[in-house]
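Visitor: In terms of our numbering, the sequence shown has 552 at position 554, counting the first letter as 1, and numbering is strictly consecutive. Note that beta-carbon positions come from the ideal geometry of N, C-alpha and C, so glycine has one too. Just so we're clear, the structure is a prediction, and the values are computed from it rather than from any experiment.
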Amino acid sequence: MMMKNQPFNNIRGLGIKIVISFSLILFYGSSSAISISDSLKIDSLIDRAYDLQVYDPDSAYTIAQEIYTLSLKKNYTRGIGYAAYRLGSILNRWGKNDSALLYLNQSLEIRKKSNDFVGASYTCVELNYVQQEIGEIDSAYHTLLNGLKYAISASDSHLIISLYYELGHFNVTYRDSAKALEYYQLGVKLSEQISYVEGEFLGSSGLGNFYYNYGDYDEALNYFLLADSRIRRSKDRARKAICANNIALCYEALGDPEMAMAYYTSALEENASLGAFDQIALVKFNMAVLWLNINKPDTAISLLNEALFMFQEMRDIANSARCYEFLSEAYASKHDFLDAYHAHVRFSNLNDSLLNVEKVNSIAKMRTKYDLETKESQLALLEQSNKTKTAQRNFLLAGSIVLLLSIAFLVFFFVNRFRIAKKNQALANEKIDNLLQDQEIRTNNAMIEAQEYERQRIASDLHDRLGGMLATIKLLFGSLESKLDEQKQESLQRYNKANKLIDEAVKEVRQISHNLNTGVVASFGLVMAAEELCESINKSEIVKVKMLVYGMENRLESIVAIEIYRMLQEIFNNILKHARAKNVTLQINKTENELRITVEDDGIGIDPEKKNKKMGMGLISLNNRAKKLHGTYHIDSMPYKGTISIIEIPLKADEQND
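1) Suppose you measure from the CA of Val582 to the CA of Met565; what does that come to, to the nearest Å?
2) Using only the alpha-carbon positions, how far apart do Leu468 and Asn497 sit?
3) One question on the structure: do Leu306 and Ala328 come within less than 8 Å of each other, judged by their Cβ atoms?
4) In terms of residue numbering, what span does the beta strand (DSSP E) encompassing Glu546 cover?
5) Quick one: grab the DSSP three-state call for Leu649.
6) Take the Cβ of Arg320 as the centre, count every other Cβ of all protein chains shown within 10 Å, and call the residue buried at 16 or more, exposed below.
7) Could you check where the beta strand (DSSP E) with Leu574 kicks off and where it finishes?
8) Alpha carbon to alpha carbon, how far is Leu617 from Arg235? Give it in angstroms, no decimals.
9) Within the same chain, show all residues whose beta-carbon is closer than 7 Å to that of Asn169, passing over the 5 residues directly before and after it, in chain order.
10) Who are the Cβ neighbours of Lys282 in its own chain at under 6 Å, not counting the five residues just before and after it?
11) Quick one: grab the DSSP three-state call for Ser643.
12) From the DSSP output, which residues share a beta bridge with Asp634?
13) Cα separation between Ser37 and Tyr66?
14) Where in the stretch 219 to 258 do unbroken runs of the alpha helix (DSSP H), each at least 4 residues long, occur, reported from the N-terminal end onward?
15) What is the rounded straight-line gap between the Cα of Tyr194 and the Cα of Met308?
16) Against chain B, with Cβ distances strictly below 8 Å, would Pro637 count as a contact?
17) Any idea what DSSP makes of Ala174, helix, strand or coil?
18) Compute the Euclidean distance between the alpha carbons of Gln104 and Tyr127, then round it to the nearest angstrom.
19) Bridge partners for Leu272 per DSSP, in chain order?
20) Assuming Ala246 contacts Ala258 under a Cβ cut-off of 8 Å, what Cβ separation, rounded to an integer in Å, is found between them?
21) Nearest by alpha-carbon distance to Ile135: which of Pro55, Asn113, Arg173 is it?
22) Counting pairs of Cβ atoms below 8 Å between the stretch 80 to 100 and the stretch 133 to 151, do you hit three or more?
23) Here's the rule I'm using: 16 or more other beta-carbon atoms within 10 Å means buried, otherwise exposed. How should Thr596 be labelled?
24) Quick one, are the C-beta atoms of Val525 and Leu574 less than 8 Å apart?
25) Which residues does DSSP list as the beta-bridge partners of Glu592?
26) Going by DSSP, what residue range makes up the alpha helix (DSSP H) through Thr388?
27) Which runs of the alpha helix (DSSP H), 4 residues or longer, sit entirely within the stretch 100 to 138?
28) Quick check on Phe208: buried or exposed, where buried means 16 or more other Cβ atoms within 10 Å of its Cβ?
29) Helix, strand or coil, according to DSSP, for Glu551 in the structure here?
30) DSSP on Asn581, reduced to helix/strand/coil?
31) Would you decide whether Gly273 is buried or exposed? Buried here means 16 or more other CB atoms lie within 10 Å of its CB.
32) Could you tell me whether the Cβ atoms of Tyr148 and Phe115 are closer together than 8 Å?
33) Indicate the three-state DSSP secondary structure (helix, strand or coil) for Asn293 in the structure shown.
34) List the DSSP bridge partners of Ser409.
35) State buried or exposed for Val400, treating a residue as buried only when at least 16 other CB atoms are found within 10 Å of its CB.
36) Assuming Ala579 contacts Gly601 under a Cβ cut-off of 8 Å, what Cβ separation, rounded to an integer in Å, is found between them?
As C-alpha cells, this is what we get:
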C-alpha cells in the first residue's frame, strides 16, 4: 500500500531536515557585582540545563527557573539572558507560545544591550521557530535575517554558516527554491574556504534536503552520500546516524525497500549506542512507514506504538499526532476499522483544531465500513441460524436481542442523562459561587474606595477650612501683640499661652490632613505593599510565595500602584481558591517604558477548553483593570502544568516618581 504525499513540515520531512546543534556555552559580559563563586554556580546550572533540555525538559525548566531567580538577585546579565532563552524554548515545546515569546524577547533585549551578538543570534533562531508556530511567517523570516546580522557582527564564521543553512531550510519549507539554493550554496562556499568539515557536511545535507523536497530523489541521494563520506572523516557518530536515516528515505522514495531498511537499521543501531532518544523515535517511525508501504501492517503497528511512547515521553505533540495518523491507516489496512477510528480521533484531538470536511468524510467512511462489516457478520450468523433452528426459536432469539438492546439503550440513556444533569448542577453551583465571590470582591473594593474618598475629603476640609480659620485667628492675635506692651504682665502671659496653643493646633491639623490623605500603597509604594501581601499569604502556610523585583528603584504613581495592587490581590485570590498550588513566584520587572509583572504557580492549571467558563468573570475584571492603565493582561495555562499570569503596563516619564 502506498502512502499519500505529505507536506514538508511533517515528521517525514523532519527525517530529512538537518537540525543544527548550537553550542550554548557562550561568553557574556557579567556584572561586576557578582562574586566568582556565584558566577561559577550559575554557570554550572547552565551546563546542567543544556544537558537535560531534550531528554528531561521538566528538570531543565526547573533549573532554568533557578538560574533566572539567582541571576536576577545578583544582576548577572549572562544568567538572565540564558535562563530567559532556555525557558522560552521549553515553553514553546510545551505549546505555551505567549509565555515563550515573552521570555525570548527578554533574552534578545538583554543580549543585544550587553553586545552579546553570538547569544542574540541563537535567540533569533529560537524566536523564529515560535513565530512560525503562531503563523507570523514574515516576522520569522526577518528574525532569521537579524540573527545572520548578529552572527556577522560577531565575526563567527561557523555561526554565519549555520544561519545560512537555517535560512535555506526556511525557504525550502515555504517553497522559495531560488532563495533556498542561494543560501545553501553560500554556506557550502564559506565552509570550503575555511576548511570547516562540519559545515561542508551540513551543506551537503542541506542540498540533499532541498532536492528531496522538490522530488529529485537521485540528486538528493548523491548529496546525502557525499555528506556521509564527509562526516566519516570526523567520526561523528550522531551525524553518521542522521545521514543513514536520510539515505534510507531516498532509497525508499526510489523504490528500493531493501536498501532503505538496511540504512534504517544502521541509523537505529548508531542512535541506540549513543542513547539518542529523539532520533531513535524518528527512525522507528520512518521504518514503520516503510513496513506499511510494503504491506506489513503488523510490524508497522508495533514500531509506531514504540515511537509513539517515546514521543509522548518527550511531550512531542506534533509527532505523536503523526503516529496516530499512520496507526489509523495501518489498522484500516487490516480492516480493523474500530481501532482505526479511535486512532484517527486521537490524531484529530492532538491537532487541536476543528475537523475539516476531508477528515469528517474519512471518519464517516471508516465508521460506515465498520457498521457495514458488523451488519454483514450479523446477517451471516442469522442466515446460518435459519438453517439449523426453527422459526419459533429464531423469533425468540430476535426478540431477546431486541430486548437486550433496548435495555442497554435505556441504561445508557438514563446514565448519560444523570451524568449530564450532575455536570450541569455542578456548573450552576460553581457559577453561583463565582457570582457571590465577585460580588463580595466588588463590595469590598467599593467600600475601600469610599473610605479613601472620605479620608481625602476630611483631609481637604481640615486643611482648607479649619486650617484657614486657625490661620486667621493667628493673624488677629499677631495684630494685638503690639498693643500688649501697654497691658499688664498677666495679660501678656495669657496671650503667649493662647498663641502657643494655636500654633500646636495648626501643626496637628496639618499632620491629621497628611495622615488621612495616604493609604498603605500610596504611602509605601507597590513593592512594600506587595511584600506585605506575600508575607501575609506565607503566614497562612497554605502556599509558599517568592517575590523577585528588578528595576524598581523609583516608585510608581499612586493611582497606577493601587490598581496593580488590586490586580495582584485578585490573582492571588484565584490561586488560593482554585489552583491547589504549593509554590507561587511573583516577579516585578520595570524597564524604561514598561512595567511587566508575572505570577507563576505550580498548581493544577486550567484546561484551555474550560478556561473561559471557569475564569470568565475574573478574567474580565483583570482585563478591565489592565485596560484602565492602557496595558494588557493574559494568562497561560495547561492542565497540571501550572498557570502564568502576565501584566504589562506601559509607563510614561510622569508616572515614575522618585
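Guide: In this structure, then:
1) Numbered from 1 along the sequence shown, position 584 holds the residue referred to as residue 582. Numbered from 1 along the sequence shown, position 567 holds the residue referred to as residue 565. One C-alpha to the other measures close to 16 Å.
2) Against the sequence shown, residue 468 aligns to sequence position 470. Against the sequence shown, residue 497 aligns to sequence position 499. So the two alpha carbons sit approximately 11 Å from each other.
3) Taking the first residue of the sequence shown as position 1, residue 306 is located at position 308. Taking the first residue of the sequence shown as position 1, residue 328 is located at position 330. Their beta carbons are not under 8 Å apart, which means Leu306 does not touch Ala328 by this criterion.
4) On the sequence shown, position 548 is the one that residue 546 refers to. The question names Glu, but residue 546 is Leu in the sequence shown. Taken as a continuous stretch (DSSP letters only), the beta strand (DSSP E) holding Leu546 covers 542 to 548.
5) Reading the sequence shown from its first residue, position 651 is the one you call residue 649. DSSP places Leu649 in coil when its eight states are reduced to three.
6) If you number the sequence shown from 1, residue 320 lands on position 322. Buried.
7) The sequence position of residue 574 within the sequence shown is 576, counting from 1. Here Leu574 belongs to no beta strand (DSSP E), and DSSP marks it neither H nor E.
8) Taking the first residue of the sequence shown as 1, we reach residue 235 at position 237. Taking the first residue of the sequence shown as 1, we reach residue 617 at position 619. Rounded to whole angstroms, Arg235 to Leu617 spans 52 Å at the Cα level.
9) Start at 1 with the first residue of the sequence shown, and residue 169 comes out as number 171. Within the same chain, Asn169 has close Cβ partners Lys177, Ala178, Tyr181.
10) Here residue 282 refers to the residue found at position 284 of the sequence shown. Counting only Cβ-Cβ distances below 6 Å, and skipping sequence neighbours, we find Leu301, Glu304, Ala305.
11) As a position in the sequence shown, residue 643 is number 645, starting the count at 1. DSSP places Ser643 in strand when its eight states are reduced to three.
12) For the purposes of this step, residue 634 is taken as the residue at position 636 of the sequence shown. Paired residue(s): Ile642.
13) By one-based count along the sequence shown, residue 37 stands at place 39. By one-based count along the sequence shown, residue 66 stands at place 68. Each residue's alpha carbon lies about 13 Å from the other.
14) 235 to 251
15) Position 196 of the sequence shown, counting from 1, holds the residue named residue 194. Position 310 of the sequence shown, counting from 1, holds the residue named residue 308. If I take the Cα positions, the gap works out to 34 Å.
16) Included in the structure is just one protein chain, with no chain B present.
17) The residue given as residue 174 occupies position 176 in the sequence shown. Just to set this straight, residue 174 is Asp in the shown sequence, not Ala. Note: Asp174 maps to coil in three-state DSSP.
18) For the purposes of this step, residue 104 is taken as the residue at position 106 of the sequence shown. For the purposes of this step, residue 127 is taken as the residue at position 129 of the sequence shown. Taking the straight line from one Cα to the other gives about 16 Å.
19) Numbered from 1 along the sequence shown, position 274 holds the residue referred to as residue 272. None; Leu272 has no bridge partner.
20) By 1-based counting over the sequence shown, the position of residue 246 is 248. By 1-based counting over the sequence shown, the position of residue 258 is 260. Indeed, because the Cβ distance is near 5 Å, the residues count as touching under 8 Å.
21) In the sequence shown, counting from the first residue as 1, residue 135 sits at position 137. Taking each of Pro55, Asn113, Arg173 in turn and checking the Cα distance to Ile135, the smallest one comes out for Arg173.
22) no
23) If you number the sequence shown from 1, residue 596 lands on position 598. It counts as buried.
24) Mapped onto the sequence shown, residue 525 falls at position 527. Mapped onto the sequence shown, residue 574 falls at position 576. Cβ atoms of Val525 and Leu574: not closer than 8 Å.
25) Reading the sequence shown from its first residue, position 594 is the one you call residue 592. Answer is Pro648.
26) If you number the sequence shown from 1, residue 388 lands on position 390. Premise fails: Thr388 is in no alpha helix (DSSP H) and is neither H nor E.
27) 115 to 131
28) As a working mapping, residue 208 is identified with position 210 in the sequence shown. Under this definition Phe208 is a buried residue.
29) Translated into the one-based positions of the sequence shown, residue 551 becomes position 553. Secondary structure of Glu551 (DSSP, three-state): coil.
30) On the sequence shown, position 583 is the one that residue 581 refers to. Strand.
31) Taking the sequence shown and counting its residues from 1, the one referred to as residue 273 is at position 275. Exposed.
32) To locate residue 148, count along the sequence shown from 1; it is residue 150. To locate residue 115, count along the sequence shown from 1; it is residue 117. In this structure, Phe115 lies closer than 8 Å to Tyr148 by Cβ.
33) For the purposes of this step, residue 293 is taken as residue 295 along the sequence shown, with counting starting at 1. Residue state, collapsed to three classes: coil.
34) The residue given as residue 409 occupies position 411 in the sequence shown. What sits at residue 409 in the sequence shown is Val, not Ser. According to DSSP, which records beta bridges pairwise, Val409 is partnered with nothing at all.
35) Taking the sequence shown and counting its residues from 1, the one referred to as residue 400 is at position 402. Classification of Val400: exposed, given that the 10 Å Cβ count is below 16.
36) Position 581 of the sequence shown, counted from the start, is the residue given in the question as residue 579. Position 603 of the sequence shown, counted from the start, is the residue given in the question as residue 601. For Ala579 against Gly601, the beta-carbon gap comes to about 3 Å, under 8 Å, which counts as contact.
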